[in-house]
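*Asks:*
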Amino acid sequence: MTRRGGLMAIDGAVAIIAILLIVQMWLLTATLESHLAGHPEPILPAAIISGVLFAACGGLYLFIRRIDVEVRSNDDGD
Amino acid sequence: MKTTPAKEEPLWRDEFSIQSSTEKYVARRQFAKFLVLTSLGMFIGNLWILVRSWFVPKPLFEPLRVSGLNEIGVGEVKLFSYPTSEDPCIMIRTAPEQIVAYSQKCTHLSCAVYFSRDRSRLECPCHEGYFSVGDGSVLQGPPPRALPRITLKRQGDDIIATGVEL
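Going down the list, the sequences are from chains A and B. Going letter by letter, the first sequence gives residues 19 to 96 in our numbering. Going letter by letter, the second sequence gives residues 3 to 168 in our numbering.
(1) To the nearest angstrom, report how far apart R119(B) and I162(B) are at their CA atoms.
(2) Pick out whichever of A114(B), V115(B), F133(B) and H129(B) has its Cα sitting closest to the Cα of R123(B).
(3) I'd like to know if the stretch 78-87 of chain B and the stretch 32-46 of chain B are in contact, where contact means that at least 3 CB-CB pairs between them fall below 8 Å.
(4) Using the rule of at least 16 other Cβ atoms within 10 Å of the residue's Cβ for burial, across every protein chain shown, is V115(B) buried or exposed?
(5) Taking H110(B) as the reference, which of E51(A), L71(A) and L62(A) has the closest Cα?
(6) Identify the contact partners of G47(B) in chain A, using a Cβ-Cβ distance below 7 Å as the criterion.
(7) Spatial neighbours of A27(A) within its chain, please: CB distance less than 6 Å, with the 5 preceding and 5 following residues excluded, ordered by chain position.
(8) Whole angstroms are fine: how far does the CA of G69(A) sit from the CA of Y104(B)?
(9) Is I67(A) close to the ligand ADP? I mean its beta-carbon at under 7 Å from any heavy atom of the ligand.
(10) Are the Cβ atoms of T47(A) and I61(A) separated by less than 8 Å?
(11) Between A27(A) and chain B, is there a C-beta pair that is closer than 8 Å?
(12) Under DSSP, the alpha helix (DSSP H) around G131(B) begins and ends at which residues?
(13) Using 8 Å as the Cβ pair cut-off and three pairs as the minimum, do the stretch 62-76 of chain B and the stretch 153-168 of chain B touch?
(14) Would you mind sorting K107(B) into buried or exposed? The rule is 16 or more other CB atoms within 10 Å of its CB.
(15) State the start and end residues of the unbroken alpha helix (DSSP H) segment that holds T49(A).
(16) Are the beta-carbon atoms belonging to R30(B) and V32(A) less than 8 Å from one another?
(17) Would you say A163(B) reaches chain A, if we count a Cβ-Cβ gap shorter than 8 Å as a contact?
(18) What residues from chain A crowd round L42(B), counting only those whose CB sits closer than 9 Å?
(19) What does the Cβ neighbour count give for F36(B), buried or exposed, with the cut at 16 atoms within 10 Å?
(20) Please determine, among S55(B), T153(B), E99(B) and L149(B), the residue with the shortest C-alpha to C-alpha distance to I74(B).
(21) Please report how far the alpha carbon of P146(B) lies from the alpha carbon of E125(B), in whole angstroms.
(22) Go to G158(B), then tell me how far its beta strand (DSSP E) extends in each direction, as first and last residue.
(23) Identify whether I85(A) lies in helix, strand or coil by the three-state DSSP scheme.
(24) For M3(B), decide whether its Cβ has a neighbour in chain A, counting only Cβ atoms nearer than 8 Å.
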């Protein structure tokens, strides 16, 4: 992968992570509000969804690391 | 200049690159790492709420005489506090044989709701949130959920509050 292509892929992944993080923040505040209001029904699904979002963020981070290593090794080979 | 492969370099050099061509990758990767750690924090927060919700004790409500049946006419309201003196409630006699009661705190920002007899609904004057007088559900406006309902029981001519349905 070229350096330019690698940077674009990393930027895209960081943007997706940021969007997922905003969703997680909203989810946390909504869950807390619901819990304090005495409605426990959405708490378990919210925790599961938050875990899935975290796993997605972790997966994207591993993708970034892989691209990073790939581009660096290409740079070293030049 | 010949450079050694990244895998053989010490960790500090990998994280604090001295080559300007690779510096931008480190900055992005560290930012992504920060975002992922924040995401982990959000997930832990959700788990914490989940664990807390398992240990919330179920509230017990003491029965409380609210009013006599003859003290409130059809279409009239009576204000009272239940289950504590800091929980204002509103009781409405909507029909000769139908009496309902709700928490008077709007579920949006806790303004006091009042009964609009003309429109037959409970209204919050702060942000125009309207609630059904039949079941307390939200008809309009920003309130996120229905008004907590006070369960009532008739005991002779007395009206007794027995609990709160969230």
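A virtual CB, placed ideally from N, CA and C, is assigned to each residue, including glycine.
*Replies:* Reading it off the structure:
(1) Position 117 of the second sequence, counting from 1, holds the residue named residue 119(B). Position 160 of the second sequence, counting from 1, holds the residue named residue 162(B). Rounded to whole angstroms, R119(B) to I162(B) spans 24 Å at the Cα level.
(2) Along the second sequence, read from residue 1 onward, the residue named residue 123(B) stands at position 121. If we check each option's Cα against that of R123(B), F133(B) comes out closest.
(3) no
(4) For this step, residue 115(B) is matched to residue 113 along the second sequence. By the neighbour-count rule (16 or more Cβ atoms within 10 Å), V115(B) is buried.
(5) Looking up residue 110(B) in the second sequence gives position 108. The shortest C-alpha separation from H110(B) is found at E51(A).
(6) Along the second sequence, one-based indexing puts residue 47(B) at 45. Chain A residues near G47(B): L46.
(7) Counting from 1 along the first sequence, the entry for residue 27(A) is found at position 9. I85.
(8) Counted from its first residue, the second sequence places residue 104(B) at position 102. Counted from its first residue, the first sequence places residue 69(A) at position 51. Approximately 37 Å between the Cα atoms of the pair.
(9) In terms of ligand content, the structure shown is empty, and the ligand ADP therefore cannot be addressed.
(10) Here residue 47(A) refers to the residue found at position 29 when the first sequence is read from its first residue. Here residue 61(A) refers to the residue found at position 43 when the first sequence is read from its first residue. No, they are not a contact pair.
(11) As a working note, residue 27(A) is residue 9 in the first sequence. By this cut-off, A27(A) is not an interface position.
(12) Looking up residue 131(B) in the second sequence gives position 129. Taken as a continuous stretch (DSSP letters only), G131(B) belongs to no alpha helix (DSSP H), being part of the beta strand (DSSP E) at G131 to S134.
(13) yes
(14) The residue you call residue 107(B) lines up with position 105 of the second sequence. Buried, because 16 or more other Cβ atoms sit within 10 Å of the Cβ of K107(B).
(15) Reading the first sequence from its first residue, position 31 is the one you call residue 49(A). Its alpha helix (DSSP H) spans residues R21 to L54.
(16) Counted from its first residue, the second sequence places residue 30(B) at position 28. Counted from its first residue, the first sequence places residue 32(A) at position 14. Closer than 8 Å, so yes.
(17) Counted from its first residue, the second sequence places residue 163(B) at position 161. Answer no: the Cβ-Cβ gap between A163(B) and chain A never drops below 8 Å.
(18) In the second sequence, counting from the first residue as 1, residue 42(B) sits at position 40. Residues of chain A passing the Cβ test: F72, C75 and G76.
(19) Here residue 36(B) refers to the residue found at position 34 when the second sequence is read from its first residue. The residue is exposed, with fewer than 16 neighbouring Cβ atoms inside 10 Å.
(20) What you label residue 74(B) is simply residue 72 of the second sequence in a count that begins at 1. Looking at the Cα atoms, E99(B) is the closest of the given residues.
(21) Locating residue 146(B) in the second sequence gives position 144, where the first residue counts as 1. Locating residue 125(B) in the second sequence gives position 123, where the first residue counts as 1. Using only the alpha carbons, I get a separation of about 14 Å.
(22) Counting from one through the second sequence, the residue named residue 158(B) turns up at place 156. Where G158(B) is concerned, there is no enclosing beta strand (DSSP E), given that its DSSP letter is neither H nor E.
(23) The residue given as residue 85(A) occupies position 67 in the first sequence. Reduced to three states, the DSSP call for I85(A) is helix.
(24) What you label residue 3(B) is simply residue 1 of the second sequence in a count that begins at 1. Only weak support is given to the placement of M3(B): the predicted model assigns it a pLDDT of 44, under 50, and the value that follows is read from those uncertain coordinates. With 8 Å as the cut-off, M3(B) does not count as an interface residue toward chain A.
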